[in-house]
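J.:
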């Protein structure tokens, strides 16, 4: 899998792995049944410790995005469209939640926060695909 | 069966002006442990005790499931040891050095040694004295790996290396434990080495173990009081705490 993690990021290493694999599953780049590298293979590819990588896989497993079949390896779970949408919404909601918390901490009114959200939405170019 | 690659229980050793006190640690088979601490904290002494190059006054040291005493020859053959200063006999080539070392290890794998030299770009016909510091480090690593050890013990392997060689070396450590059966203990005072590859960390401060355990759990604990705590922060806090205690 082509991605990298960095200990210099404020996001913990295992979370960086979780975020990147999850994004690939949600965008369809990884599909149900696709095999994932073994924990130790991925650790060595990413230059991340074995326990860190193990933790990332347990997290993704707990979210229902991957499954480990004893003796066979780890695979992307078969997810129906509704589940994928729900997980996507969950990810975005948690980022928005963080933004709302920052706004509240800085004493912004709810209307200001939602105006800023609308502006950010308007300003951002739609992704070209 | 006990599945620790390394187990120290209440190990004590004193030298004039320095002592190691009640050092205990456990490294499960298949994982990497970093031994971190300021200069003079006792990292090299700990490693020398594990390698049976010095004897503890009390406590027990078990390596690959057995006590060193009485099993030293067999156990040492199963350990790849890279001491701190990569000392080689001078005036001789890499080729000669390898032929000397391989007599000591029945499991020496010459094909593997050649592959490693190739991979590391070490010219076997050159005299070891003319090799750069980075190349000497790679040669020491190739020699340690060529007899296919189950446990790799490295004393400050990254010290003085440029960032590229350092990263290559860390990659090799992860590669080494990939089969889940082999383990690594390495000492360092460079905390960023630990952030990537160490599953377990033992903080050695002033001859004592200030903390030892799974890196992620130690960090999580530290983050209760400082949400962005890094290993370097932990080392700082533990060192300062230690100094206050002994003041």
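Residue numbers (this note's numbering), protein chains in the order written: chain A, 915 to 1043; chain B, 2 to 248. Even glycine gets a Cβ: it sits at the ideal position worked out from N, Cα and C. Please read these numbers as outputs of a predicted model, since none were measured by experiment.
Identify the contact partners of residue 181 of chain B in chain A, using a Cβ-Cβ distance below 8 Å as the criterion.
T.: Per Cβ cutoff of 8 Å: 954.
J.: Which partner residues of residue 80 of chain B appear in the DSSP bridge assignment?
T.: B:152, per the DSSP bridge assignment.
J.: For the region 8 to 72 of chain B, list the alpha helix (DSSP H) runs that are entirely contained and at least 4 residues long, ordered along the chain.
T.: For the region 8 to 72 of chain B, whole alpha helix (DSSP H) runs of length 4 or above, ordered along the chain, are 44 to 51.
J.: When you check each C-beta in the region 169 to 202 of chain B against every C-beta of chain A, which residues fall closer than 7 Å?
T.: Listed in sequence order: 171, 172, 175, 176, 178, 179, 181, 193, 196, 197, 198, 199 and 200.
J.: Opposite residue 128 of chain B in the DSSP bridges: which residues?
T.: In DSSP, residue 128 of chain B forms a bridge with B:94.
J.: Consult DSSP for residue 184 of chain B and reduce its assignment to one of helix, strand or coil.
T.: Correct three-state label for residue 184 of chain B: strand.
J.: Can you list, in chain order, the residues of its chain with a C-beta nearer than 6 Å to that of residue 135 of chain B? Leave out the 5 residues immediately preceding and following it.
T.: Excluding positions up to five away in sequence, the list reads 162 and 166.
J.: For residue 150 of chain B, count the other beta carbons within 10 Å of its own beta carbon; 16 or more makes it buried, fewer makes it exposed. Which is it?
T.: By the neighbour-count rule (16 or more Cβ atoms within 10 Å), residue 150 of chain B is buried.
J.: Comparing alpha-carbon positions, which option in A:1030, A:991, A:1021 and A:997 lies nearest residue 1010 of chain A?
T.: Closest by alpha carbon: A:1030.
J.: So residue 32 of chain B and residue 182 of chain B are supposed to be a Cβ contact under 8 Å. How far apart are they, rounded?
T.: Not confirmed; about 11 Å, so no contact.
J.: Less than 8 Å between the CB atoms is what I'm expecting for residue 9 of chain B and residue 36 of chain B, so what's the real figure, rounded?
T.: So it is not a contact: roughly 11 Å between Cβ atoms.
J.: Whose C-beta lies closer than 8 Å to the C-beta of residue 184 of chain B among residues of the same chain, with five residues either side of it excluded?
T.: The answer, listed in chain order, is 6, 7, 28, 29, 30, 31, 32, 33, 34, 151, 152, 153 and 178.
J.: Should residue 971 of chain A and residue 998 of chain A be called a contact, given that it needs their Cβ atoms to be closer than 7 Å?
T.: In this structure, residue 998 of chain A does not lie closer than 7 Å to residue 971 of chain A by Cβ.
J.: Nearest by alpha-carbon distance to residue 967 of chain A: which of A:949, A:993, A:929 and A:940 is it?
T.: When only C-alpha atoms are compared, the closest one is A:929.
J.: Excluding the 5 residues preceding and the 5 following residue 49 of chain B in the sequence, name in chain order all residues of the same chain whose CB lies nearer than 8 Å to its CB.
T.: Result list for residue 49 of chain B: 55, in chain order.
J.: For residue 201 of chain B, which residues does DSSP report across the bridge?
T.: BP columns for residue 201 of chain B point to B:34 and B:215.
J.: Leaving aside the five residues before and after residue 239 of chain B along the sequence, list all residues of the same chain whose C-beta is less than 8 Å from its C-beta, in chain order.
T.: Cβ within range, chain order: 204, 206, 211 and 212.
J.: Assign residue 41 of chain B to one of two classes, buried (16 or more other C-beta atoms within 10 Å of its C-beta) or exposed (fewer than that).
T.: Label assigned to residue 41 of chain B: exposed.
J.: Considering only the beta carbon of each residue, do residue 14 of chain B and residue 57 of chain B sit closer than 7 Å?
T.: Closer than 7 Å, so yes.
J.: Start and end of the alpha helix (DSSP H) containing residue 115 of chain B?
T.: Residues 111 to 121.
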